[in-house]
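Residue numbers (the numbering used here), protein chains in the order written: chain A, 974 to 1204; chain B, 96 to 204.
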């Protein structure tokens, strides 16, 4: 199989043998171990949990450890590059700092009112809030949505789908006590209202989450708060 | 806060425009049956308070809706952000309102 890798210096071509159930991460690992040890890439768990191996594969952002070559190769060839919308450190490794700084700016930290001396809060799985949390909580922070988002490309300050999805799960967490501040954090020029509902994030999320639905929820919540004069 | 208010304003005016555009298009289709003349249009609109109110609301909604959308286009395509963009958009909104209302009054009076 012909593999074109977009490296920091130039696009480099490799020949990689095909195997059954081979993943794109297997291909990159083969290149680094057998053909060119200077190739830089990032991975950790290899089972779709850690969110560190995302790359652009044939123009589409994907988690490479769970992407089978059979599903994405065109004419027995692959083009692999770093994620878009993030600065490249080297080859296939992107700088994720801004991505996670945006989680912090969207107030992605949980601030509960209880201490370790209090009992557990009992939350029924059937409540509307908890269902909303369940729908978005499985994010692994891989930045595939962020890389796929056209609004991030056009407006670099935009917080992005993952950070806003995180804010939405916390907004629906009944234990959370900082939600007024969180709503203000996501209501600015770079916040939820910048989303154009293209749904690229939802289309590409490897965990099949819908950041678009989370962002729509934030738009409704901020609008309600603004009408009540609480924003 | 500003973004939320702008977003709400754009959604509300979009709902108004949806109705206004539908009524406007339906009227056009109805009016052109059997030919269209200036006299026929003016005969319908002159002195009609209902059409005056309808088109004034239409113009006001468009004057609010369009600059908010243009604000995003200017920010994303031309990277024009900051206070001068807002000044330009207020001017643009006033221009739309002025010319729109001139037209409305023109067919009413």
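By construction, the Cβ of each residue, glycine as well, lies at the ideal position given by its N, Cα and C atoms.
Predicted, not measured: the structure shown is a model, and the values here were computed from it.
- Item | Whole runs of the alpha helix (DSSP H) within the region 1095-1121 of chain A, excluding any shorter than 4 residues | 1101-1109, 1117-1121
- Message: Does residue 1200/A pass the burial test, meaning 16 or more other C-beta atoms within 10 Å, or should it be called exposed?
- Response: exposed
- residue 1121/A beta carbon less than 8 Å from that of residue 1162/A: Contact check for residue 1162/A against residue 1121/A fails: the beta carbons are separated by 8 Å or more.
- Item | Cα-Cα separation between residue 160/B and residue 180/B, rounded to whole angstroms | The straight-line gap from Cα to Cα measures roughly 16 Å.
- Task: Count the other CB atoms, across all protein chains shown, that sit within 10 Å of the CB of residue 1076/A; report buried if there are 16 or more and exposed otherwise.
- Result: buried
- Message: Excluding the 5 residues flanking residue 1022/A on each side, which residues of the same chain have their C-beta closer than 7 Å to its C-beta?
- Response: So the qualifying residues of the chain are 1113.
- Along chain B, which residues have their Cβ under 9 Å away from the Cβ of residue 1075/A? Contact note: residue 1075/A does not reach chain B at a C-beta cutoff of 9 Å; the least C-beta distance is about 16 Å.
- Message: For a contact defined as C-beta to C-beta under 7 Å, what are the partners of residue 1162/A on chain B?
- Response: Correct list: 98.
- Just grab the DSSP bridge partners of residue 1034/A for me. 1029/A
- Query: Are the C-beta atoms of residue 1056/A and some chain B residue less than 8 Å apart?
  - Reply: no
- Assigned exposure category for residue 1011/A - 16 Cβ within 10 Å defines buried: Residue 1011/A comes out exposed.
- Could you tell me whether the region 1097-1112 of chain A touches the region 1151-1171 of chain A, where touching means 3 or more Cβ pairs closer than 8 Å? Not touching, per the Cβ criterion.
- Message: Give me the subset of the region 97-118 of chain B whose CB atoms are less than 7 Å from a CB atom of chain A, sorted by chain position.
- Response: 98, 99, 100, 102, 103
- Item | Residues that residue 985/A bridges to, as DSSP identifies them | 978/A
- Taking residue 1192/A as the query, report the chain B residues whose CB atoms sit under 7 Å from its CB, ordered along the chain. Below the 7 Å Cβ cutoff, chain B contributes 102 as neighbours of residue 1192/A, in chain order.
- Quick one: residues in its chain with C-beta nearer than 6 Å to the C-beta of residue 984/A, no 5 flanking neighbours on either side, listed in chain order? The residues are 977.
- Tell me, please, whether the CB atom of residue 201/B is closer than 8 Å to any CB atom in chain A? With 8 Å as the cut-off, residue 201/B does not count as an interface residue toward chain A.
- Between residue 105/B and the rest of its own chain, which residues show a CB-CB distance below 8 Å, the 5 nearest in sequence each way excluded? 159, 160, 163, 164
- Can you say whether residue 1192/A is buried or exposed, counting buried as having 16 or more other CB atoms within 10 angstroms of its CB? That one is buried.
- Task: Using a Cβ-Cβ cut-off of 8 Å, state whether residue 1187/A counts as contacting chain B.
- Result: no
- Message: Among the candidates 1107/A, 1115/A, 1128/A, whose CA atom is the shortest distance from the CA of residue 1097/A?
- Response: Ranked by Cα distance from residue 1097/A, the options 1107/A, 1115/A, 1128/A are led by 1107/A.
- Query: Mapping DSSP to helix, strand and coil, what is residue 1214/A?
  - Reply: The question about residue 1214/A has no answer here: the residues shown for chain A are numbered 974 through 1204.
- Message: If we require 4 or more residues per run, which alpha helix (DSSP H) segments fall completely within the region 143-183 of chain B?
- Response: 144-172
- Item | Outcome for residue 987/A when other beta-carbon atoms lying within 10 angstroms are tallied against a minimum of 16 | buried
- Following the continuous alpha helix (DSSP H) through residue 1206/A, name the residue where it begins and the one where it ends. With chain A represented from 974 up to 1204, any question about residue 1206/A goes unanswered, as that position is not in the structure.
- Item | Interface residues of the region 148-180 of chain B facing chain A [CB-CB below 7 Å] | 170, 171
- Compare the Cα-Cα distances from residue 992/A to each of 1041/A, 1013/A, 1027/A and report the closest residue. 1041/A
- Distance CB(residue 133/B)-CB(residue 195/B) smaller than 8 Å: In this structure, residue 195/B does not lie closer than 8 Å to residue 133/B by Cβ.
- What residues of chain B sit near residue 1195/A, judged by a beta carbon separation below 7 Å? 99
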